[in-house]
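Take a look at the structure below.
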Amino acid sequence: MAAGEQFPPERQLAEALGISRMTLRRAIDELVAKGVVRRRHGAGVFALGPKFDQPLAASSFTEDMLARGLRPGSRVISFDVANAGAHIGRRLHIADDAEVIAIVRLRLADEEPLALEELHIPSALVPGLCAQDLENSSFYELLRSRFDISLNHSVQTIEPTLLDEDEAKVLGVPEQSPALLFERTSRGADGVPFEFVRSVYRGDRYKIRTELTVPEQRPKPELPEGKLA
Numbered sequence: 523m524a525a526g527e528q529f530p531p532e533r534q535l536a537e538a539l540g541i542s543r544m545t546l547r548r549a550i551d552e553l554v555a556k557g558v559v560r561r562r563h564g565a566g567v568f569a570l571g572p573k574f575d576q577p578l579a580a581s582s583f584t585e586d587m588l589a590r591g592l593r594p595g596s597r598v599i600s601f602d603v604a605n606a607g608a609h610i611g612r613r614l615h616i617a618d619d620a621e622v623i624a625i626v627r628l629r630l631a632d633e634e635p636l637a638l639e640e641l642h643i644p645s646a647l648v649p650g651l652c653a654q655d656l657e658n659s660s661f662y663e664l665l666r667s668r669f670d671i672s673l674n675h676s677v678q679t680i681e682p683t684l685l686d687e688d689e690a691k692v693l694g695v696p697e698q699s700p701a702l703l704f705e706r707t708s709r710g711a712d713g714v715p716f717e718f719v720r721s722v723y724r725g726d727r728y729k730i731r732t733e734l735t736v737p738e739q740r741p742k743p744e745l746p747e748g749k750l751a
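Taking this note's numbering, I'd label the letters of the sequence shown as residues 523 to 751.
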């Protein structure tokens, strides 16, 4: 079954498979535990695709989805201009009363909601930017081509979280579902921060991958005779 596809009603599925409803429930319980399907209270059972393997590297959502053979999408939920405030100002190294653009986007892959992204960028860096510019497009590619801003360095934190009511509703999952919270500050080649992003990714669709290497073992220097290490 495709990701997001709903299972037939329990009675119908049990009859089609030639098993009892109790056996079917146990089988579905196992699939839920393995993260293959999800139950929605009052709605039924839905298939889940495999979890996306997210490497810890600087890349855009659009590029990542295209590399997987999926169709990336973005839906702008809100686009506002406001003062940075203390928290965002610290993140972007700007004054509290400096003007920033605050954008909330829903990120999709093959029309399936995967993440909710809240982006802040100093207005002075992106004159003329509007909500339509961010519909179904790569933000980093837009910055490169139109504003001559290229991603050079990012600092990102990741932690587990639970989705609140509003986040869960937009992502189409139950409230308090597990998720991954990403917070990232990115800088251009000049070292100046140009974005602060807070994103929540569905925990049932994402996992983090890291590659660990063992440092090259250097020979220990020989100590003069009679001296202890």
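Even for Gly, the Cβ is constructed at its ideal location relative to N, Cα and C.
In this text the structure is predicted, and so the values were computed from the model without any measurement.
Check	Outcome
DSSP beta-bridge partners for A608?	According to DSSP, which records beta bridges pairwise, A608 is partnered with nothing at all.
Helix, strand or coil: how does DSSP classify R548 here?	helix
Quick one: grab the DSSP three-state call for T707.	strand
For a test of the three-state rule: what should DSSP assign to I686, helix, strand or coil?	Looking at the sequence itself, residue 686 is Asp, so the reference to Ile does not match. It is coil, neither helix nor strand.
Evaluate contact between the segment 671-681 and the segment 594-614, counting only Cβ atoms and requiring at least three cross-stretch pairs below 8 Å.	no
Do S582 and S660 count as a contact pair if the criterion is CB distance below 7 Å?	yes
If you draw a straight line from the alpha carbon of E640 to that of A538, how long is it in whole angstroms?	45 Å
Whole angstroms are fine: how far does the CA of L535 sit from the CA of F704?	39 Å
Please confirm whether A653 and V598 have their CB atoms less than 7 Å apart.	yes
Shortest alpha-carbon distance to D686 belongs to which of G591, L592, E697?	E697
What do you get for S672, buried or exposed, if any count of 16 or more other CB atoms within 10 angstroms of its CB means buried?	exposed
Out of L702, D602, V692, point me to the one whose CA is closest to I625's CA.	D602
Whose C-alpha, out of R560, H675, Y662, Y723, is nearest the C-alpha of L684?	Y723
Quick check on the DSSP output: what are the complete beta strand (DSSP E) runs of length 3 or more inside the segment 596-656, in order along the chain?	621-631, 634-644
Suppose the cutoff is 8 Å on Cβ atoms and the five residues either side in sequence are ignored; what does the same chain contact list for S600 look like?	A624, I625, V626
Give a yes or no on whether the C-beta atoms belonging to D632 and L592 are separated by under 7 Å.	yes
Assuming E657 and S721 make a contact with CB atoms under 8 Å, what is their CB distance in whole Å?	About 18 Å; that fails the 8 Å criterion.
Using alpha carbons as the reference points, say which of F716, P530, R548 lies closest to R666.	F716
Taking the CB atoms as reference points, tell me whether S645 and E663 lie closer together than 7 Å.	no
On the DSSP bridge assignment, give the partners of V567 in chain order.	R561
Can you grab the Cα-Cα spacing for the pair E527 / G650, in whole Å?	40 Å
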